[in-house]
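Our numbering numbers the first residue of the sequence shown as 74 and each following residue consecutively.
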Amino acid sequence: MLKLATALTAFTLAATPLAAQSEAFHAGPVFTEFGQIADVETTMAIPVDAQFAVAFDTATRAEPGEINRTLNSAARFINMHVAAGVPRENIRVAVVVHGQASLDLTRAEFYAARQDGAENANAAAIEALLANNVQFILCGQTAAYYEIDVEDLVPGVDMARSAMTAHALLQQDGFTLNPF
Numbered sequence: 074m075l076k077l078a079t080a081l082t083a084f085t086l087a088a089t090p091l092a093a094q095s096e097a098f099h100a101g102p103v104f105t106e107f108g109q110i111a112d113v114e115t116t117m118a119i120p121v122d123a124q125f126a127v128a129f130d131t132a133t134r135a136e137p138g139e140i141n142r143t144l145n146s147a148a149r150f151i152n153m154h155v156a157a158g159v160p161r162e163n164i165r166v167a168v169v170v171h172g173q174a175s176l177d178l179t180r181a182e183f184y185a186a187r188q189d190g191a192e193n194a195n196a197a198a199i200e201a202l203l204a205n206n207v208q209f210i211l212c213g214q215t216a217a218y219y220e221i222d223v224e225d226l227v228p229g230v231d232m233a234r235s236a237m238t239a240h241a242l243l244q245q246d247g248f249t250l251n252p253f
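1) Take THR133 and list the residues in its own chain whose beta-carbon comes closer than 8 angstroms to its own, dropping the five residues that flank it on each side.
2) Taking all protein chains shown into account, decide if MET237 is buried (16 or more other Cβ within 10 angstroms of its Cβ) or exposed.
3) Since THR115 is in the beta strand (DSSP E), which residue starts that stretch and which ends it?
4) For HIS171, which three-state DSSP category applies?
5) With distance defined between alpha-carbon atoms, name the residue in VAL127, PHE98, THR131 and ASP122 nearest to LEU176.
6) Below 8 angstroms, how does it come out for the segment 113–122 and the segment 189–200: are there three or more Cβ pairs, yes or no?
7) According to DSSP, is THR249 part of a helix, a strand, or is it coil?
8) Between the segment 155–162 and the segment 230–244, do three or more beta carbon pairs fall short of 8 angstroms?
9) Where does ALA87 fall in DSSP's three states?
10) Per DSSP, what kind of secondary structure is ILE151 in: helix, strand or coil?
11) Got a sec: is the Cβ-Cβ distance from GLU192 to anything in chain C below 7 angstroms?
12) State the Cα-Cα distance for the pair PHE129 and ILE210, rounded to the nearest angstrom.
13) Determine whether the beta carbon atoms of ARG187 and VAL227 lie at a separation below 7 angstroms.
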């Protein structure tokens with residue numbers, strides 16, 4: 074009984090900070106429906122003339138009805154830095170997609186046909202990100218494997234020869250790879 078009480082107490086204490094953390098997050102200045110951010114006190118200053126060129130990579134698909142975690146992270150990256158005073162035009166973001174996440178980039182009809190009629194919750198997020206100059210690149214090798222053609226993609230999503238090709242070209246254009 075003591076072990077159970079100790080375990081419950083540890084679980085409650087561990088869960089409390091998570092609940093408190095979720096209340097700290099709010100809509101950002103660019104994307105209000107996703108990409109929530111928290112205001113934090115920092116000790117690492119962002120230079121006034123900071124310029125970001127960041128590539129995100131994902132192969133992990135979202136569950137039907139949910140937004141892909143990497144799309145949310147890309148929106149959060151933009152929201153955080155605009156909120157910190159970085160001009161939006163100083164932030165370039167690309168999202169490279171391969172593997173099972175490829176389906177998240179497809180048009181409603183294609184997605185529904187592959188997901189038992191489910192709606193692609195990612196489509197609206199992709200459109201909002203595209204409208205804010207976020208680049209989406211699908212790995213062509215993955216597309217071939219999953220039988221996805223260019224016309225199956227949300228309009229504005231690019232198809233590269235491969236994710237490796239996309240990352241190599243993005244690096245040559247000054248992008249760094251975000252490890253998250």
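From the three backbone atoms N, C-alpha and C, an ideal C-beta is built for every residue, glycine too. All values derive from a computational prediction rather than experimental measurement.
Quick look at the numbers:
1) Result list for THR133: ASN141, ARG142, THR143, GLY172, GLN173 and ALA174, in chain order.
2) MET237 sits exposed, since fewer than 16 C-beta atoms from the chains shown fall within 10 Å of its C-beta.
3) Looking at the DSSP string, THR115 is not in any beta strand (DSSP E), and its letter there is neither H nor E.
4) If DSSP states are grouped into helix, strand and coil, HIS171 belongs with coil.
5) When only C-alpha atoms are compared, the closest one is THR131.
6) No, they do not touch.
7) The answer is strand: DSSP assigns THR249 an E or B state.
8) With the cut-off at 8 angstroms, the segment 155–162 and the segment 230–244 do not touch.
9) Here ALA87 scores only 41 on pLDDT, less than 50, and its place in the model is too uncertain to base an answer on.
10) Helix at ILE151.
11) Looking at the structure shown, chain C is missing, and only one protein chain is on hand.
12) Approximately 10 angstroms between the Cα atoms of the pair.
13) It is not a contact, given that the beta carbons lie outside the stated cut-off.
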